[in-house]
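A.B. asks: Structure incoming, see below.
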Amino acid sequence: MERELQKLSWIKVKELVPEKIDTLIFPVGTVEAHGSMAIGTDNLIPESIANHLADKINALIAPAVNYGITRSLYGYPGSITVQEANFKNYISDILKSFSHTGFKKIILINGHGGNNAMLKEVALHYFYEYKIKIAVIHWWELCRELVVDFYGEAGGHAALDETALVQAIDPALVDKAGYIKELAYYVREGADIYPIPGSILLYNEGEGYPDFNLEKAKEFQGKAFTLIENFLKLILKQWEMI
9 MERELQKLSW IKVKELVPEK IDTLIFPVGT VEAHGSMAIG TDNLIPESIA
59 NHLADKINAL IAPAVNYGIT RSLYGYPGSI TVQEANFKNY ISDILKSFSH
109 TGFKKIILIN GHGGNNAMLK EVALHYFYEY KIKIAVIHWW ELCRELVVDF
159 YGEAGGHAAL DETALVQAID PALVDKAGYI KELAYYVREG ADIYPIPGSI
209 LLYNEGEGYP DFNLEKAKEF QGKAFTLIEN FLKLILKQWE MI
């Protein structure tokens, strides 16, 4: 069946929600520099996760919010940001509309670290106000140990993990020919720099450089999707006891 909310008629939505489907997956990201790959990486990955999950947890998929809070990488060509207050209010209004439609559970798949704090605040207030269960999933944090187990080293921004997931979606979105090692910057404590002097950000020195191995990328994608799927199934199961 069709899982994308925006492709359904209002008549079909009324028929499905909430009697047959009460769960909505909501991808949120931003547009910013990611080394030599697509600047929409933080949107593409949550959307791919949503597409994997929808049938498996009987959910619909909301249209993504593609613009978020870009900080250190604002200034690189193509990077886009919105102010925190505007982002907070916009996400809040969208979530309110989901509750009015009849959804009882929201799975927000976040693709961008700059959104984390505001999404946590919005989600908690949303639950308090509307009693709608909501889980905000920061996929790269959830998969951090998997990256180390699978690749033997830590990931980062536009590093091994993100590059692999985008390459698995569409290899054409990753420009291996345009990659140079100098695009990477090892992030140290003690300095706040705008724009940061590298669009690939490494958090462990010497670890996380993209390897552009498509076969491994697809294998990693499968493991990441399974990890997220199993975690969400656990959440949904245990929510039923509340």
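Using my numbering, the first residue of the sequence shown is number 9, and each one after it goes up by one. We treat Cβ as the ideally placed atom computed from N, Cα and C, and that holds for glycine. These numbers come from a predicted model, not from an experiment.
Just tell me which of A166, G119, H165 and V156 has its CA closest to the CA of V144.
C.D. replies: Position 136 of the sequence shown, counted from the start, is the residue given in the question as residue 144. The residue with the shortest Cα to Cα distance from V144 is G119.
A.B. asks: Please say whether A93 and G37 have beta carbons closer to each other than 8 Å?
C.D. replies: Taking the first residue of the sequence shown as 1, we reach residue 37 at position 29. Taking the first residue of the sequence shown as 1, we reach residue 93 at position 85. It is not a contact, given that the beta carbons lie outside the stated cut-off.
A.B. asks: Mind pulling the alpha helix (DSSP H) runs of 4 or more residues that sit fully within the segment 30-83?
C.D. replies: Those alpha helix (DSSP H) runs which fall completely within the segment 30-83 and span 4+ residues are 49-64.
A.B. asks: Report yes if the CB atom of G216 is closer than 8 Å to the CB atom of L168, and no otherwise.
C.D. replies: Numbered from 1 along the sequence shown, position 208 holds the residue referred to as residue 216. Numbered from 1 along the sequence shown, position 160 holds the residue referred to as residue 168. Yes, the pair counts as a contact, with Cβ atoms nearer than the cut-off.
A.B. asks: Hey, how far is the Cα of M126 from the Cα of A199?
C.D. replies: As a working mapping, residue 126 is identified with position 118 in the sequence shown. As a working mapping, residue 199 is identified with position 191 in the sequence shown. Approximately 23 Å, taken between the alpha carbons.
A.B. asks: Would you check if the segment 102-118 and the segment 130-145 touch, i.e. whether three or more CB-CB distances between them fall below 8 Å?
C.D. replies: As far as the Cβ criterion goes, the segment 130-145 touches the segment 102-118, which means the pair count is three or higher.
A.B. asks: If you draw a straight line from the C-alpha of E237 to the C-alpha of P205, how long is it?
C.D. replies: As a first step, residue 237 is located in the sequence shown; it is residue number 229 there, counting from the start. As a first step, residue 205 is located in the sequence shown; it is residue number 197 there, counting from the start. About 35 Å.
A.B. asks: Whole angstroms is fine: what's the gap from A180's alpha carbon to W147's?
C.D. replies: If you number the sequence shown from 1, residue 180 lands on position 172. If you number the sequence shown from 1, residue 147 lands on position 139. If I take the Cα positions, the gap works out to 23 Å.
A.B. asks: Looking only at DSSP bridge pairs, what is E137 linked to?
C.D. replies: Along the sequence shown, read from residue 1 onward, the residue named residue 137 stands at position 129. In DSSP, E137 forms no bridge with anything.
A.B. asks: Quick one, which of T89, I47, L210 and K96 has its alpha-carbon nearest E129's?
C.D. replies: The residue you call residue 129 lines up with position 121 of the sequence shown. Of T89, I47, L210 and K96, the residue nearest in Cα terms is K96.
A.B. asks: So for V25, helix, strand or coil by DSSP?
C.D. replies: By 1-based counting over the sequence shown, the position of residue 25 is 17. Reduced to three states, the DSSP call for V25 is coil.
A.B. asks: For the segment 75-127, which segments carrying the beta strand (DSSP E) assignment without a break, of at least 3 residues, lie completely within its bounds, in sequence order?
C.D. replies: Correct list: 113-118.
A.B. asks: Quick one: residues in its chain with C-beta nearer than 6 Å to the C-beta of S87, no 5 flanking neighbours on either side, listed in chain order?
C.D. replies: Locating residue 87 in the sequence shown gives position 79, counting from the first residue. Correct list, in chain order: E40, A41, T78 and L81.
A.B. asks: Measuring only the C-alpha atoms, how far is E12 from D50?
C.D. replies: Here residue 12 refers to the residue found at position 4 when the sequence shown is read from its first residue. Here residue 50 refers to the residue found at position 42 when the sequence shown is read from its first residue. Approximately 19 Å between the Cα atoms of the pair.
A.B. asks: What number of angstroms, rounded off, separates the C-alpha of S44 from the C-alpha of E23?
C.D. replies: For this step, residue 44 is matched to residue 36 along the sequence shown. For this step, residue 23 is matched to residue 15 along the sequence shown. Between S44 and E23, the C-alpha separation is close to 44 Å.
A.B. asks: So does the segment 158-167 actually touch the segment 28-37, counting three or more Cβ pairs closer than 8 Å?
C.D. replies: No contact exists between the segment 158-167 and the segment 28-37.
A.B. asks: Between which residues of its own chain and Q229 is the CB-CB distance below 6 Å, once the five residues before and five after are set aside?
C.D. replies: Taking the sequence shown and counting its residues from 1, one reaches residue 229 at position 221. So the list reads L173 and A176, once near-sequence residues are dropped.
A.B. asks: Look at the Cβ atom of L150, then the Cβ atom of F233, and state whether they are nearer than 8 Å.
C.D. replies: Position 142 of the sequence shown, counting from 1, holds the residue named residue 150. Position 225 of the sequence shown, counting from 1, holds the residue named residue 233. No, the pair does not count as a contact, with Cβ atoms beyond the cut-off.
A.B. asks: Mapping DSSP to helix, strand and coil, what is A192?
C.D. replies: Here residue 192 refers to the residue found at position 184 when the sequence shown is read from its first residue. Note: A192 maps to strand in three-state DSSP.
A.B. asks: What's the call for L210, buried or exposed, on a 16-neighbour Cβ count within 10 Å?
C.D. replies: To locate residue 210, count along the sequence shown from 1; it is residue 202. Classification of L210: buried, given that the 10 Å Cβ count is 16 or more.
A.B. asks: I'd like to confirm the pairing. Which residues does DSSP put opposite L210 in its beta bridges?
C.D. replies: For the purposes of this step, residue 210 is taken as the residue at position 202 of the sequence shown. Its beta-bridge partners are G164 and Y194.
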